[in-house]
Ligand code: CIR
């Protein structure tokens with residue numbers, strides 16, 4: 002069970018965040034409101050919110066998930082893959098030091114938390130434009146030191162591994178249809194999400210609830226039929242920046 006969620010509100014500069022999407026610039030006020038609703042949902046899931054100050058110098062810093070991997074025993078601070086995001090991790094590290102022993106990914110290793118998917122004691126590490134082999138190898142060593150297993154999965158097209166694949170407990174993965182044949186996930190049951198609703202694959206299991214993005218009706222039916230208690234959240238302004246539900250918090 003998770004107890005805490007570390008979050009950071011977006012700064013106004015978020016409208017200049019990195020994106021590969023063509024959905025226009027986010028509206029700051031809407032993004033703030035969506036963030037408030039997100040935090041309310043985390044509280045409903047039973048989490049205490051640990052909030053750190055907004056960082057106007059880092060437009061993407063609302064996506065705190067990319068800056069650390071937090072386990073029961075340690076917090077591994079990342080070396081973010083995109084040069085514009087390097088430095089976001091410092092304030093996250095200071096806060097996490099209050100809760101966990103810190104470990105670090107070091108350059109030339111690069112790694113974004115969005116590429117790390119935990120399934121019970123195993124961690125899948127996506128090799129992407131943001132997470133390189135050196136970063137993945139450093140993470141594997143650190144995880145092994147704390148008793149976890151891990152494996153690397155090369156991804157293409159997606160920004161991060163969890164953009165299209167997420168673990169939802171009970172040996173089950175939520176996956177975009179076109180990824181179903183991907184190697185490395187044979188031992189798992191799969192819930193498939195149509196490619197046209199791919200954004201909905203970035204769902205987030207927190208204790209008894211599954212947080213899902215609003216507006217994806219087919220995915221919603223699939224989740225409800227699979228027996229999840231869902232909380233729907235409007236994510237339009239974060240989708241414009243290529244960010245999903247998991248990116249907005251670190252749960253531990
Ligand atoms: C970026 O490109 O880095 C941000 N605009 C979005 C990061 C999303 N984070 C995530 O999927 N964990």
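In my numbering, the protein residues as written are 2 to 253. All C-beta atoms in this analysis are idealised placements derived from N, C-alpha and C, irrespective of residue type, glycine included.
- DSSP places residue 173 in the uninterrupted beta strand (DSSP E) bounded by 173-177.
- For the stretch 75-132, the continuous beta strand (DSSP E) assignments of 3+ residues that do not extend past its boundaries occur at 75-78, 102-105, 117-120, 123-128, in sequence order.
- Straight-line spacing of the CA atoms in residue 54 and residue 203 works out to 25 Å.
- Contact between the stretch 126-146 and the stretch 181-196 is not established, with fewer than three Cβ pairs separated by less than 8 Å.
- At a Cβ-Cβ threshold of 8 Å, residue 253 and residue 5 count as neighbours.
- A contact between stretches requires three or more CB pairs, one per stretch, nearer than 8 Å, and the stretch 84-94 fails this requirement with the stretch 114-125.
- Taking the Cα positions, residue 15 is about 9 Å away from residue 58.
- Residue burial is scored here from C-beta neighbours: residue 60 has at least 16 other C-beta atoms within 10 angstroms and is therefore classed as buried.
- About 6 Å separates the CB atoms of residue 21 and residue 243; that is less than 8 Å, so the two are in contact.
- DSSP places residue 34 in the helix class (H, G or I) of the three-state scheme.
- The continuous alpha helix (DSSP H) containing residue 143 extends over residues 134-146.
- Counting every other CB atom within 10 Å of its CB across the protein chains shown gives residue 174 a total of 16 or more, marking it as buried.
- Nearest C-alpha to residue 218 among 208, 207, 200, 209: 200.
- Minimum Cα-Cα distance from residue 107 among the listed residues 137, 215, 239 corresponds to 137.
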